[in-house]
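Undergrad:
Numbering (the numbering used here), first residue to last: 3 to 1151.
Below you can see the structure in the form of structure tokens.
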């Protein structure tokens, strides 16, 4: 009976363990790849309270003979600070016991916090099961009585094997720099921290080097998983640098630091900005003076007069994104107005406007010229490799200066772009070789100005070599080292479990369990910090092949084979091999490597058999047996042969092989050592299927890139063999190289180049193409000397070019198989200057102010400047005169010149002509044209101005006309006296033949000021006396409510309620009734004082009746009904109930 009881309880426990094991195995299918799912049995683990099953309880239950097993740092109390208590002394004694023999009873393993049913492992404290009924009953009680979660430690990656489940924290998310807007509606900051770990990590947070006591400040701090949530943040308390500590029983790691900053952007000062007075032609700078803000990065825009009239930066105007200032190189009359600076912070999504700055251009009789003067100069700048950088440069001057960039002692980087009409030099993805001195040059016809500064390129730290997690033998030597590059050179420091260590590398000469832990290597320089994290585990263990047994191996006859022997053991075991019953030793064909692997050369059939690897160290020994099977070697039986095709043709490469019939074979093709992806490049490659031993390759529509050495590799799981052949593809020539300009004149350029590949067909001719800055990237065939360039030529001259024009050239070769790809374009070259040959067009003018002669023309296009310092010579004389007056206009974009002379009589006839000039001379004159000088300015104002309001929005005005004969028309200005400013007045232009007008768009019940003045080409005359007009009150907003529609034979009587007006509305004078056919806008209009009207009916026609009140302020809102034949319907939509009734009626019908 006692034996039966023991057997029953044992069977019950084993069944429970197997059930638990099967559930674990099912879950293991979804575990991380590092988690083992194999093994002879699973593990049943039951979590128990320490009070129920602690270290002091174990000695009464356990036998005194523990088996040998692997140990790790979990068994040493000093190896971690906050881990579980060590295994009891009884369990950890007698470490040198021999390992369990095969078929020995399954031991029962105990842990201070768990009980495990497990096959004998290589590690962990354990004892053998004894036939003790009291023990079995105790375990049975625990099995049914424990409420523990049995999945707590199961679906975790196994970092180092069965005896050391779990792993230290690995960061998946770390805190990032955060800018919290002081005006943010979300009163919360969340700092992210998440680490993968087994057992799960616990978290702490550090602020400016001190640990945050979360329990002491629950109002502001809360921990959500690993994230730190800061509620109701306060700047002087919560601004700073934060880092997260994640830890578990394996160790602790520290995250990178992240800052919390409080962002703000104050309002601009409310003080009025002073007006800026500038003479026309001079430069101007409007200061933005941004308000206090954080962070420093702001963007700037300017508006003129009103939002959103933004000022677009161009060649004449520039907005510095560093200071925010607006620069105008040459002030013009059109620049007059009120300017406001807009500062925007992307970090806190806020923009603010400055008060308006009035800019007042002052008119001069002769606009002076000013030399280029650089006002925006980029400073010495440091940037990081891989970043983008913008250098600013802008000049004042008249004419508007041209800005050019260059790098001193070198060419501008290929990754550069000149933007903002030359004011910005933008470098993309900066490299270390981009460092150096850069210069900007501003030039106009009056002079030049230069500025240069140095750009330094430094680098964020990056790893050259860093640490990785490792497992090492107890007592062995080990070195952990890190190497980082950056500029300045990064400093290396170390942490272990979050605590700093000394030294540039970690050198362990005799590893102990206490050396286990989480290590962090940190590289930092002024630009940033990078972390490398790794876990080090120290262990000792008798040899075991449980995770890596010797495998069954296949080897080709006459080939080479290596059989691995990699037991898990510490210290390193000694290894020996046997074949069947024969002990092996090193020979000319067999060699045992230092790592225990067995190498066999020139394999024969006699080498087949069972091979056993024996491993032993001072803790125990183990062995594992595998087998070797010898197969037939793979041989190429049909090798590929050389082929020669033209571009576009197909080519076939044959390949056949013999192999061991028990093995699968695959054919792999490569071109010049690169494996061909038949799926990715199916457009050109195809495998023809002619049996498993045929690997023929079809090359479709062969191109030049498909030429080369093709290699066919026949591969089985055991061996492979390769054979190669070459493919020649003949086609159009390759691109010529080394194209450069060797000589140039004003219309010709001589080019030289080197021959490109002829692709197995001789070059027959060359074609030269060009493009300039005016052709919009369109390449054109160039006229050359000689006209036909033969295939053996390497130089030619391009003719008929335009002087002083920047060109790029390229050369294209041709042979009998076609035209090749163009060469890389030459460097840009500018032809030499010559005198202009094109005269300005559309010469005309006239008008202007009193005593002025205005001359206009269409400027010459830039491609016809033909040289630097381009401008115009304007010549004019009175029709009856003899001598020509000549004036120089140095701005090449100018199209207008105003000559002021008090002696010029009004409306005098002049003859004008214009020619262009540059540094090389003068061009031809335009055809002479006749124009007239300006009329006399108007000196009188309109008299007896009068008028009246017609309604709430309209008025009529009249006046006595001006007696002068040079009147072109009148300008009427009107604005509300109290609410509007004169600057925002409405304006109406009236012909000079009229002396009255109507104005509309006025506001109801408002007092308006009105003034009128005459104008002509000389400008506006004096204003009349101001007239005041008060507009009428507005008409009623309420429409008449139609209350009845009565049919009376062939008429209908429509009645409505009286409209009651509000105090601010005009009283009702009567009603207007519009009676019109449906679909037409016109009809018969009736006016009545009554509240009803009788209207005629029309058979089979639908009419619309519109009723509205009319007042002195205009017509009020309208009511509407429809009248069809003999019925009347109000114009309002059907209700939902009405629609439902109609639908029911239709269904019944």
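The beta-carbon is built from N, C-alpha and C at its ideal position, and this holds for glycine as well. Keep in mind the model is a prediction, meaning the values are calculated, not measured.
DSSP three-state label for residue 189, please.
TA: One-based indexing of the chain shown puts residue 189 at position 187. Coil at residue 189, not helix or strand.
Undergrad: Output the distance between the C-alpha atoms of residue 404 and residue 884, rounded to the nearest integer angstrom.
TA: Taking the first residue of the chain shown as 1, we reach residue 404 at position 402. Taking the first residue of the chain shown as 1, we reach residue 884 at position 882. If you take the alpha carbons of residue 404 and residue 884, they lie about 39 angstroms apart.
Undergrad: In the DSSP output, which residue or residues are listed as bridge partners for residue 774?
TA: Against the chain shown, residue 774 aligns to sequence position 772. Bridge partners of residue 774: 809.
Undergrad: What are the start and end residues of the alpha helix (DSSP H) that includes residue 240?
TA: Numbered from its first residue, the chain shown carries residue 240 at position 238. That run of the alpha helix (DSSP H) goes 237-240.
Undergrad: Helix, strand or coil for residue 312, going by three-state DSSP, please let me know.
TA: Mapped onto the chain shown, residue 312 falls at position 310. In this structure, residue 312 counts as strand in the three-state DSSP scheme.
Undergrad: Counting only the same chain and skipping the five closest in sequence on each side, list residues whose C-beta sits under 6 angstroms from that of residue 1061.
TA: Here residue 1061 corresponds to residue number 1059 of the chain shown, with the count starting at 1. The answer, listed in chain order, is 1038, 1040, 1042, 1070 and 1111.
Undergrad: Under a Cβ-count criterion, where at least 16 other Cβ atoms within 10 Å of its own Cβ denotes burial, should residue 701 be classed as buried or exposed?
TA: As a working mapping, residue 701 is identified with position 699 in the chain shown. Buried is the call here.
Undergrad: Please name the residue in 610, 574 and 564 whose C-alpha comes closest to that of residue 582.
TA: What you label residue 582 is simply residue 580 of the chain shown in a count that begins at 1. Residue 582 has its Cα closest to that of 610, out of 610, 574 and 564.
Undergrad: Quick one: is residue 191 buried, meaning 16 or more other Cβ sit within 10 Å of its Cβ, or exposed?
TA: Within the chain shown, numbered from 1, the residue matching residue 191 stands at position 189. Classification for residue 191: buried.
Undergrad: Answer yes or no: do residue 210 and residue 242 have a C-beta to C-beta separation smaller than 8 angstroms?
TA: Sequence index remark: in the chain shown, residue 210 carries index 208 (1-based). Sequence index remark: in the chain shown, residue 242 carries index 240 (1-based). Going by C-beta atoms, residue 210 is nearer than 8 angstroms to residue 242.
Undergrad: Secondary structure at residue 1093, three-state DSSP: helix, strand or coil?
TA: What you label residue 1093 is simply residue 1091 of the chain shown in a count that begins at 1. If DSSP states are grouped into helix, strand and coil, residue 1093 belongs with coil.
Undergrad: If you draw a straight line from the C-alpha of residue 217 to the C-alpha of residue 226, how long is it?
TA: Translated into the one-based positions of the chain shown, residue 217 becomes position 215. Translated into the one-based positions of the chain shown, residue 226 becomes position 224. So the two alpha carbons sit approximately 14 angstroms from each other.
Undergrad: DSSP three-state label for residue 423, please.
TA: Start at 1 with the first residue of the chain shown, and residue 423 comes out as number 421. The answer is helix: DSSP assigns residue 423 an H, G or I state.
Undergrad: Is it true that the CB of residue 768 sits closer than 8 angstroms to the CB of residue 813?
TA: By 1-based counting over the chain shown, the position of residue 813 is 811. By 1-based counting over the chain shown, the position of residue 768 is 766. Their beta carbons are under 8 angstroms apart, which means residue 813 touches residue 768 by this criterion.
Undergrad: For residue 339, list the residues DSSP reports as bridge partners.
TA: Within the chain shown, the letter at position 337 stands for residue 339. DSSP, once it has assigned bridges, lists 361 as partnering residue 339.
Undergrad: Which residue's Cα is closest to the Cα of residue 1045: 1005, 847, 797 and 1095?
TA: Counted from its first residue, the chain shown places residue 1045 at position 1043. Nearest option by C-alpha distance: 1095.
Undergrad: Quick one: grab the DSSP three-state call for residue 966.
TA: By 1-based counting over the chain shown, the position of residue 966 is 964. If DSSP states are grouped into helix, strand and coil, residue 966 belongs with coil.
Undergrad: Can you give me the C-alpha to C-alpha distance between residue 464 and residue 486, rounded to a whole angstrom?
TA: What you label residue 464 is simply residue 462 of the chain shown in a count that begins at 1. What you label residue 486 is simply residue 484 of the chain shown in a count that begins at 1. For residue 464 and residue 486, the distance between alpha carbons rounds to 6 angstroms.
Undergrad: Quick one: complete beta strand (DSSP E) runs, 3+ long, within the region 1011-1057?
TA: The region 1011-1057 contains these whole beta strand (DSSP E) runs: 1029-1032 and 1044-1050.
Undergrad: Using three-state DSSP, classify residue 487 as helix, strand or coil.
TA: Position 485 of the chain shown holds residue 487. It is a strand residue.
Undergrad: What is the rounded straight-line gap between the Cα of residue 434 and the Cα of residue 488?
TA: As a first step, residue 434 is located in the chain shown; it is residue number 432 there, counting from the start. As a first step, residue 488 is located in the chain shown; it is residue number 486 there, counting from the start. Those two C-alpha atoms are separated by around 11 angstroms.
Undergrad: Using the three-state DSSP reduction, which class does residue 741 fall into: helix, strand or coil?
TA: Counting from one through the chain shown, the residue named residue 741 turns up at place 739. Three-state result, residue 741: strand.
Undergrad: Quick one: using the 10 Å Cβ neighbour count with 16 as the cut-off for buried, is residue 249 buried or exposed?
TA: Numbered from 1 along the chain shown, position 247 holds the residue referred to as residue 249. Buried, since its Cβ has 16 or more Cβ neighbours within 10 Å.
Undergrad: How about residue 808 and residue 832: are their beta carbons less than 8 angstroms apart?
TA: Locating residue 808 in the chain shown gives position 806, counting from the first residue. Locating residue 832 in the chain shown gives position 830, counting from the first residue. Cβ distance < 8 angstroms, so residue 808 and residue 832 count as in contact.
Undergrad: Cβ atoms of residue 869 and residue 891: under 8 angstroms apart, would you say?
TA: The residue labelled residue 891 in the question sits at position 889 within the chain shown. The residue labelled residue 869 in the question sits at position 867 within the chain shown. Going by C-beta atoms, residue 891 is not nearer than 8 angstroms to residue 869.
Undergrad: Within a Cβ cutoff of 8 angstroms, which residues of the same chain sit near residue 607, ignoring the five residues on either side of it in sequence?
TA: Taking the chain shown and counting its residues from 1, one reaches residue 607 at position 605. Contacts found: 559 and 632.
Undergrad: Measuring straight from C-alpha to C-alpha, what distance separates residue 837 and residue 797?
TA: Numbered from its first residue, the chain shown carries residue 837 at position 835. Numbered from its first residue, the chain shown carries residue 797 at position 795. Rounded to the nearest angstrom, the two C-alpha atoms are 29 angstroms apart.
Undergrad: Is it the case that the CB of residue 374 approaches a heavy atom of the ligand COA more closely than 7 angstroms?
TA: Within the structure as shown, the ligand COA is missing, as the structure has no ligands at all.
Undergrad: Would you report the Cα separation of residue 1115 and residue 1063, rounded to the nearest angstrom?
TA: As a position in the chain shown, residue 1115 is number 1113, starting the count at 1. As a position in the chain shown, residue 1063 is number 1061, starting the count at 1. Each residue's alpha carbon lies about 12 angstroms from the other.
Undergrad: Evaluate contact between the region 754-770 and the region 729-741, counting only Cβ atoms and requiring at least three cross-stretch pairs below 8 angstroms.
TA: Flag = yes, the region 754-770 and the region 729-741 touch.
Undergrad: One question on the structure: do residue 959 and residue 1001 come within less than 8 angstroms of each other, judged by their Cβ atoms?
TA: Here residue 959 refers to the residue found at position 957 when the chain shown is read from its first residue. Here residue 1001 refers to the residue found at position 999 when the chain shown is read from its first residue. Contact: yes.
Undergrad: Kindly indicate which residue of 941, 901 and 878 has the alpha-carbon position closest to the one of residue 914.
TA: The residue you call residue 914 lines up with position 912 of the chain shown. When each option's Cα is compared against that of residue 914, the closest is 878.
Undergrad: Work out the CA separation of residue 685 and residue 645 for me, nearest whole Å.
TA: By 1-based counting over the chain shown, the position of residue 645 is 643. By 1-based counting over the chain shown, the position of residue 685 is 683. The straight-line gap from Cα to Cα measures roughly 20 angstroms.
Undergrad: How is residue 994 classed by DSSP in three states: helix, strand or coil?
TA: Locating residue 994 in the chain shown gives position 992, counting from the first residue. Reduced to three states, the DSSP call for residue 994 is coil.
Undergrad: Residue range of the beta strand (DSSP E) that residue 826 falls in?
TA: Working through the chain shown from its first residue, we reach residue 826 at position 824. Neither: residue 826 is in no beta strand (DSSP E) and is coded neither H nor E.
Undergrad: On a Cα-Cα basis, can you pick out the residue from 505, 523 and 1125 that is closest to residue 467?
TA: Residue 467 sits at position 465 when you count from the first residue of the chain shown. It is 523 whose Cα lies nearest to the Cα of residue 467.
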